[in-house]
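Structure first, commentary second.
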Amino acid sequence: MINIRMDIRESIRQFLVSSGYGRIRLKAVLFDMDGVLFDSMKNHTLAWQKAMAARGISADRNEFYLYEGCTGKGTIDQFFRRIYGREADEKEVEQIYQAKSRFFNEMPTVEIMPGIRDILFDLKKYGLKAILVTGSAQHSLLDRLEKEFPGVFLPAYRVTAADVKQGKPSPEPYLRGLAKAGVRADEALVIENAPMGVQAAVAAGIFTIAVNTGPIPPQKLYEAGADILFPDMLSLAAVFGEIVGLFKEEYLCQERRSPTTSE
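In this note's numbering, the protein residues as written are 32 to 294.
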């Protein structure tokens, strides 16, 4: 616990220096959905693989982990640009995404991520807002949010694929999340599990916690800009209260170091 605390403290200090914020007053936590709230990525990747195969496109299932956070069109365009040298048209996107959604809905119901309830308990304890920022438009999961997390991810505090022009890694989804929360980038942190999601959060200027809940090499998440990395949600849940406490501590330390108006 001591080493983890020191690592987190150092990550916060480095972020304060690199961002130039000088202080952080934590008010909100922005969550990705797939791989953070729900253990759904195994189903998503298989559904994408099947949908692409139905279109005659051979795809490595693990490749879809790298595109998590993109809109459906963004994921499809990754393959179309590489194979056909162009983006998919509206009809092609609709056909492939409908097939993907159908395959996903035929699979067993996904479970919530172990540890997420503990993290949300800490959010309530410290009076922090919870904001959903997902590149997904998968209604079978979005419709479960209120049932699994009652009163937490209210519709007014959600950003989905339908709300943005550009998906992750563009900062737009997280900038919209900040706006919905009514907070600045130096008043929030992000919990993400995908490189493109991490890039989006970092581009929005937010302290970013990466949780490696898939088969992605850890270095990919650091290269995307993650401020700190956990191997799974349970590991994060075990110290999340510590993290919130350190943000408050670092904020106070920065205030004490700040020159007074009389100097």
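Heads up, the beta-carbon is just placed ideally off N, CA and C, and yes, glycines get one too.
If we ignore side chains and look at the alpha-carbon of each, how far apart do residue i and residue j end up?
| i | j | result |
| --- | --- | --- |
| D108 | E118 | 5 Å |
| A225 | L97 | 7 Å |
| Y9 | Y128 | Here the chain comprises residues numbered 32 to 294, so residue 9 is not present and cannot be evaluated. |
| A82 | I43 | 41 Å |
| K50 | Q197 | Correcting the residue type first, residue 50 is Ser in the shown sequence and not Lys. If you take the alpha carbons of S50 and Q197, they lie about 24 Å apart. |
| S266 | S89 | 35 Å |
| E177 | S171 | 12 Å |
| G208 | L163 | 7 Å |
| R133 | R113 | 25 Å |
| G276 | V195 | 33 Å |
| Y188 | A84 | 36 Å |
| R56 | E280 | 10 Å |
| T191 | T102 | 9 Å |
| P202 | T165 | 12 Å |
| D302 | F180 | The requested residue 302 does not occur in the structure, where the chain is confined to residues 32 to 294. |
| K58 | V270 | 18 Å |
| G228 | D91 | 20 Å |
| V48 | I259 | 15 Å |
| R215 | F62 | 16 Å |
| V221 | N74 | 24 Å |
| G245 | W79 | 16 Å |
| I237 | V141 | 29 Å |
| D217 | A193 | 26 Å |
| V124 | G116 | 15 Å |
| D38 | Y52 | 20 Å |
| D70 | M64 | 9 Å |
| R287 | F135 | Bear in mind that a pLDDT of 44 at R287, under 50, signals an unreliable position, so the number given afterwards is only what the model happens to contain. Those two C-alpha atoms are separated by around 52 Å. |
| P200 | G100 | 7 Å |
| G105 | T239 | 22 Å |
What are the start and end residues of the beta strand (DSSP E) that includes residue i?
| i | result |
| --- | --- |
| L61 | 59-62 |
| A212 | Premise fails: A212 lies in the alpha helix (DSSP H), 203-212, not in any beta strand (DSSP E). |
Under the assumption that residue i contacts residue j (Cβ atoms under 8 Å), give the Cβ distance between them as a whole number of angstroms.
| i | j | result |
| --- | --- | --- |
| P204 | A231 | 6 Å |
| M72 | M264 | That belief does not hold up - the Cβ atoms of M72 and M264 are roughly 12 Å apart, past 8 Å. |
| A257 | A241 | 4 Å |
| V60 | A219 | 7 Å |
| A212 | K160 | 5 Å |
| T76 | F46 | Their Cβ separation, rounded to whole angstroms, is 31 Å, which puts T76 and F46 out of contact at 8 Å. |
| G272 | D153 | 5 Å |
Tell me the DSSP bridge mates of residue i?
| i | result |
| --- | --- |
| L77 | Its beta-bridge partners do not exist; DSSP assigns none. |
| R215 | Per DSSP, none; premise fails for R215. |
| I88 | Its beta-bridge partners do not exist; DSSP assigns none. |
| L21 | Residue 21 is absent from the structure shown; the chain starts at 32 and stops at 294. |
| V190 | V164 |
| F69 | D65, I143 |
Just reading off the alpha helix (DSSP H) that residue i is part of, what are its end residues?
| i | result |
| --- | --- |
| V229 | 226-234 |
| L97 | 94-97 |
Which residue spans inside the segment 111-186 form an unbroken beta strand (DSSP E) run of at least 3? Counting whole runs of 3 or more residues, the segment 111-186 contains the beta strand (DSSP E) stretches 160-164.
Where in the segment 239-266 do unbroken runs of the beta strand (DSSP E), each at least 3 residues long, occur, reported from the N-terminal end onward? 259-261
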